[in-house]
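**Q** In short: position in the sequence shown from 1, add 3, done, that's our numbering. Structure incoming, see below.
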Amino acid sequence: PRTMRGFEMFTIGDCQSILLKLTNERCIQLRYELNEATARQIDAEDMMKEEGDASDGMMTESEMIYLTAMEDVKIISKQLVVAEKSFNLVRDRIEKLVARYEAMLIKIENESIATG
Numbered sequence: 004p005r006t007m008r009g010f011e012m013f014t015i016g017d018c019q020s021i022l023l024k025l026t027n028e029r030c031i032q033l034r035y036e037l038n039e040a041t042a043r044q045i046d047a048e049d050m051m052k053e054e055g056d057a058s059d060g061m062m063t064e065s066e067m068i069y070l071t072a073m074e075d076v077k078i079i080s081k082q083l084v085v086a087e088k089s090f091n092l093v094r095d096r097i098e099k100l101v102a103r104y105e106a107m108l109i110k111i112e113n114e115s116i117a118t119g
């Protein structure tokens with residue numbers, strides 16, 4: 004008998020499961036980063052309200068923090084949308100794979116009943 008190499012033991016389902024786990028972890032990480040950036044943005048808004056209007060033409064530190072946080076929120080939001088789409092695609096592929104396996108098992112069971 005031929006021995007199997009480690010990579011030959013992985014099935015498509017195994018790979019899809021690993022991919023689903025990784026995409027889920029990425030979504031969780033991005034949600035955390037988005038919450039952090041949103042909190043920084045809110046804090047900067049509060050700081051700007053406390054400072055009032057500094058009309059010397061120069062941006063205050065709180066305004067710079069706000070703009071940076073706002074840009075971070077925008078970038079992370081876009082990344083999260085892509086990550087969630089990836090997660091959903093992988094999940095849908097797994098669901099289709101499971102449905103295909105179920106159909107194959109039913110067919111095998113029906114054939115064994117018919118010949119038994």
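Even glycine gets a Cβ: it sits at the ideal position worked out from N, Cα and C. Quick caveat: nothing in here was measured; it's all calculated off a predicted structure.
1) Kindly indicate which residue of 85, 76 and 89 has the alpha-carbon position closest to the one of residue 45.
2) Using CA coordinates, which residue listed in 78, 65, 89 and 82 is at the minimum distance from residue 52?
3) In whole angstroms, what separates the C-alpha of residue 106 from that of residue 117?
4) Consult DSSP for residue 63 and reduce its assignment to one of helix, strand or coil.
5) Buried or exposed: which applies to residue 69, given that a residue is buried once 16 or more other Cβ atoms fall within 10 Å of its Cβ?
**A** Inspection of the coordinates gives the following:
1) Ranking the options by Cα distance to residue 45, first place goes to 76.
2) 65
3) 16 angstroms
4) coil
5) The residue is buried, with at least 16 neighbouring Cβ atoms inside 10 Å.
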